[in-house]
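In terms of the UniProt record's numbering, the sequence shown opens at residue 1 and continues consecutively.
Glycine included, every Cβ here is placed at the ideal spot set by N, Cα and C.
Below: one structure, written as structure tokens.
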Amino acid sequence: MHVLPWFDYLNGLNLGSWQVWPWVLWALATPVQFWAGWPFYKSGIPVLRHGTANMHTLVALGSTVAYGYSAVITIIGTGVYFDTAALIIGLILLGRFLEARARGRTSETIRRLIGLQPNTARVVRDGQEIEVPVQDLVAGDVVAVRPGERIPTDGEVLEGSSAVDESMLTGESMPVDKTPGLPVYGATLNRTGFFQFRVTRIGQETALAQIIRLVEEAQGSRAPIQRLADRVASVFVPAVGGVAVAAFLFWLLLGPDPALTYALLTLVAILIIACPCALGLATPTAIIVGTGKGAERGILIRSAQALETAHRVDTVVLDKTGTLTEGRPVVTDIVPAEAGVERELLRLAASVEYGSEHPLATAIVEEANRRGASLADVSDFEALPGQGVTGYADGKLVLLGSPALLAAQGIPLDSLSEALAKLASEGKTPVTVARDGVALGSIGLADAAKPDSRESVARLQEMGLEVVMLTGDNRQTARHIADSLGIARVEAETLPSDKVEVVRRLQADGKVVAMVGDGINDAPALVQADVGLAMGAGTDVAMESADVTLMGNDVGSVITTLRLSRQTMRAIKQNLFWAFFYNIMLIPVAAGGFLNPVLAALAMAFSSVTVVSNSLRLRGAGV
Numbered sequence: 001m002h003v004l005p006w007f008d009y010l011n012g013l014n015l016g017s018w019q020v021w022p023w024v025l026w027a028l029a030t031p032v033q034f035w036a037g038w039p040f041y042k043s044g045i046p047v048l049r050h051g052t053a054n055m056h057t058l059v060a061l062g063s064t065v066a067y068g069y070s071a072v073i074t075i076i077g078t079g080v081y082f083d084t085a086a087l088i089i090g091l092i093l094l095g096r097f098l099e100a101r102a103r104g105r106t107s108e109t110i111r112r113l114i115g116l117q118p119n120t121a122r123v124v125r126d127g128q129e130i131e132v133p134v135q136d137l138v139a140g141d142v143v144a145v146r147p148g149e150r151i152p153t154d155g156e157v158l159e160g161s162s163a164v165d166e167s168m169l170t171g172e173s174m175p176v177d178k179t180p181g182l183p184v185y186g187a188t189l190n191r192t193g194f195f196q197f198r199v200t201r202i203g204q205e206t207a208l209a210q211i212i213r214l215v216e217e218a219q220g221s222r223a224p225i226q227r228l229a230d231r232v233a234s235v236f237v238p239a240v241g242g243v244a245v246a247a248f249l250f251w252l253l254l255g256p257d258p259a260l261t262y263a264l265l266t267l268v269a270i271l272i273i274a275c276p277c278a279l280g281l282a283t284p285t286a287i288i289v290g291t292g293k294g295a296e297r298g299i300l301i302r303s304a305q306a307l308e309t310a311h312r313v314d315t316v317v318l319d320k321t322g323t324l325t326e327g328r329p330v331v332t333d334i335v336p337a338e339a340g341v342e343r344e345l346l347r348l349a350a351s352v353e354y355g356s357e358h359p360l361a362t363a364i365v366e367e368a369n370r371r372g373a374s375l376a377d378v379s380d381f382e383a384l385p386g387q388g389v390t391g392y393a394d395g396k397l398v399l400l401g402s403p404a405l406l407a408a409q410g411i412p413l414d415s416l417s418e419a420l421a422k423l424a425s426e427g428k429t430p431v432t433v434a435r436d437g438v439a440l441g442s443i444g445l446a447d448a449a450k451p452d453s454r455e456s457v458a459r460l461q462e463m464g465l466e467v468v469m470l471t472g473d474n475r476q477t478a479r480h481i482a483d484s485l486g487i488a489r490v491e492a493e494t495l496p497s498d499k500v501e502v503v504r505r506l507q508a509d510g511k512v513v514a515m516v517g518d519g520i521n522d523a524p525a526l527v528q529a530d531v532g533l534a535m536g537a538g539t540d541v542a543m544e545s546a547d548v549t550l551m552g553n554d555v556g557s558v559i560t561t562l563r564l565s566r567q568t569m570r571a572i573k574q575n576l577f578w579a580f581f582y583n584i585m586l587i588p589v590a591a592g593g594f595l596n597p598v599l600a601a602l603a604m605a606f607s608s609v610t611v612v613s614n615s616l617r618l619r620g621a622g623v
């Protein structure tokens with residue numbers, strides 16, 4: 001449109017009177033002004049009734065002045081500036097398009113997840129596999145999955161085993177081994193084996209649906225720094241209006257001929273160059289990219305406020321069980337009463353414990369299976385609540401339990417006294433085994449630290465963060481775990497209410513606290529903390545209470561979250577700088593009459609491009 005009046009001149013065509021062109025331009029500019037530009041009127045004009053203004057007000061006023069003036073001079077026949085009004089709206093819409101592209105790119109991962117969910121599932125009914133649409137699945141259905149297939153929905157493995165690629169959900173590159181009793185998630189990829197699972201969650205209840213919902217909520221929320229930018233804009237816009245009116249009056253009285261045209265163009269240029277569109281893009285584009293990048297790495301950020309607050313965290317409180325540790329006991333020591341009976345000690349213990357559902361029993365049986373032990377048949381099994389178990393294995397009475405249980409039965413433990421004292425000092429739980437009244441040895445169990453916990457704690461400390469461990473365990477056990485992980489401050493024997501008080505005390509000391517937990521007992525502290533982070537393998541209550549859910553289920557994800565927050569806030573501050581830089585530098589230029597409206601619109605659009613491009617750099621930044 002801007003070059004249209006020169007079309008017949010450049011091509012040597014004779015299309016009639018030159019005066020036709022202003023009317024053609026008027027016809028072309030009108031839908032641009034009132035159809036494409038309607039959103040600016042809709043949100044920018046009504047606020048004037050309340051004595052305020054926003055960035056759309058400047059766009060609406062500037063383009064309307066150019067359009068109205070062009071209409072008047074078209075009728076008079078002295079000139080035309082419809083191209084100015086159309087270009088103003090067009091260039092601003094270009095900035096909106098770039099913002100939409102940023103949002104779209106950030107949502108690519110979510111769209112891929114939705115696309116990866118299979119459309120059908122093979123349900124096992126009466127021993128036969130029947131293919132049904134995924135939407136027809138109900139909780140309790142048994143579904144078969146073969147190697148190379150996507151898992152159709154969430155469930156729990158019933159039969160078989162496999163390694164499942166959960167990288168699209170958790171960000172972890174290594175496949176996760178799945179055996180009976182372990183959860184599987186819809187849209188993840190079955191790598192190696194055949195298994196059947198029972199459906200536990202469908203539709204909007206699945207982990208995938210929850211992830212999509214959390215990310216969408218976070219991208220739609222507003223950070224406190226965005227509200228600050230809005231307040232600045234509400235003051236900035238009226239101030240710019242005052243400058244524009246003053247410049248208009250100045251050039252109307254003292255400007256070159258035609259003074260009215262010169263003054264109006266200066267007015268329009270000021271209104272356009274001052275349009276804080278880049279200011280409006282500064283925060284949301286960075287938040288959108290930051291939350292999207294978090295989702296790619298298995299970090300689900302519930303709100304923009306959480307992403308912003310996380311960059312100020314100086315203290316990280318870690319719940320022990322399930323966060324720093326595996327959350328279940330494992331065998332750490334096998335201590336025979338005499339040399340050569342270690343294998344027999346474990347075999348007998350696992351044989352008798354096989355009939356128990358106690359977590360310690362499960363750990364002993366798992367260790368025996370791992371070592372390939374052949375379990376004995378057991379008869380007359382009996383559980384002694386709170387003490388241990390007993391049963392006959394290989395025709396002999398086997399008793400397992402605490403040292404106190406065996407001592408109460410008159411079984412001497414002198415040969416084990418030193419080993420038992422050592423296990424106690426290390427915070428481990430001893431299960432002592434006797435056969436026909438003779439102590440065979442003791443098995444030490446503990447909630448072992450996750451493989452990455454020590455390194456992650458060290459990296460948090462290198463970032464200048466204080467690390468605190470919270471646990472309901474006794475002080476001796478807690479101190480041993482903390483020392484092994486390099487944590488100096490420990491709060492042991494804590495109830496859920498105590499955990500909240502620990503967080504409150506830290507906050508009262510001026511600390512900005514991030515709380516990391518996974519259980520129902522962590523929920524109050526997760527809510528109290530400045531930023532609550534829940535492990536993805538934890539309870540639904542914990543995840544609903546937290547600001548951030550870590551699908552990767554390791555402390556390393558805490559580091560990634562904090563680094564991502566710092567990078568996002570750095571990008572927002574850079575964006576705000578550039579947004580204000582353009583306005584502060586170019587408003588005087590426009591007021592001096594050195595910038596026409598089209599160049600002003602180009603400069604304003606360029607500032608928006610700068611802001612969006614800077615936000616998109618987050619996608620390539622390492623965390």
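Simplified DSSP assignment, three categories, for residue i
i	result
residue 585	helix
residue 392	strand
residue 320	helix
residue 371	coil
residue 129	strand
residue 361	helix
residue 569	helix
residue 553	coil
residue 210	helix
residue 176	strand
residue 138	coil
residue 488	coil
residue 614	helix
Buried versus exposed call for residue i [16 or more other C-beta atoms within 10 Å across all chains shown]
i	result
residue 647	Residue 647 falls outside the range modelled here, since the chain spans only 1 to 623, and no answer is possible.
residue 403	buried
residue 453	buried
residue 52	exposed
residue 626	No answer is possible for residue 626: it lies beyond the span of the chain, which begins at 1 and ends at 623.
residue 585	exposed
residue 308	buried
residue 536	buried
C-alpha gap between residue i and residue j, whole angstroms
i	j	result
residue 329	residue 364	9 Å
residue 559	residue 524	22 Å
residue 596	residue 550	52 Å
residue 387	residue 401	6 Å
residue 173	residue 166	Any reading at residue 173 needs caution, since the residue's pLDDT is 45, under 50, leaving its predicted position unreliable; the model's value is listed next. Using only the alpha carbons, I get a separation of about 8 Å.
residue 57	residue 616	28 Å
residue 45	residue 22	28 Å
residue 254	residue 608	34 Å
residue 511	residue 314	6 Å
residue 488	residue 506	15 Å
residue 574	residue 599	24 Å
residue 239	residue 587	11 Å
residue 119	residue 149	12 Å
residue 117	residue 177	20 Å
residue 182	residue 318	25 Å
residue 185	residue 143	12 Å
residue 67	residue 581	28 Å
residue 338	residue 160	39 Å
residue 136	residue 554	35 Å
residue 437	residue 389	14 Å
residue 557	residue 190	24 Å
residue 479	residue 447	13 Å
6 Å CB neighbourhood of residue i in its chain, flanking five on each side removed
i	result
residue 171	Unreliable positioning characterises residue 171 in this predicted model, as indicated by a pLDDT of 45, which lies under 50. The coordinate reading is nonetheless provided below. Cβ neighbours of residue 171 beyond the five flanking positions: 297, 298, 552.
residue 547	302, 306, 531, 532
residue 355	381
residue 244	267, 270, 271
Identity of the residues DSSP links to residue i by a beta bridge
i	result
residue 661	Lying before the first or after the last residue shown, residue 661 is absent from the chain, which here runs from 1 to 623.
residue 300	549
residue 183	156
Close-in-space but distant-in-sequence residues of the same chain around residue i (CB under 8 Å, 5 per side omitted)
i	result
residue 350	364, 365, 367, 368, 369, 373, 375
residue 138	199, 202
residue 341	440, 441
residue 502	317, 468, 470, 491, 494, 525
Close beta carbons around residue i, own chain, < 7 Å, minus the five adjacent residues each side
i	result
residue 572	225, 282, 283, 286
residue 383	356, 389
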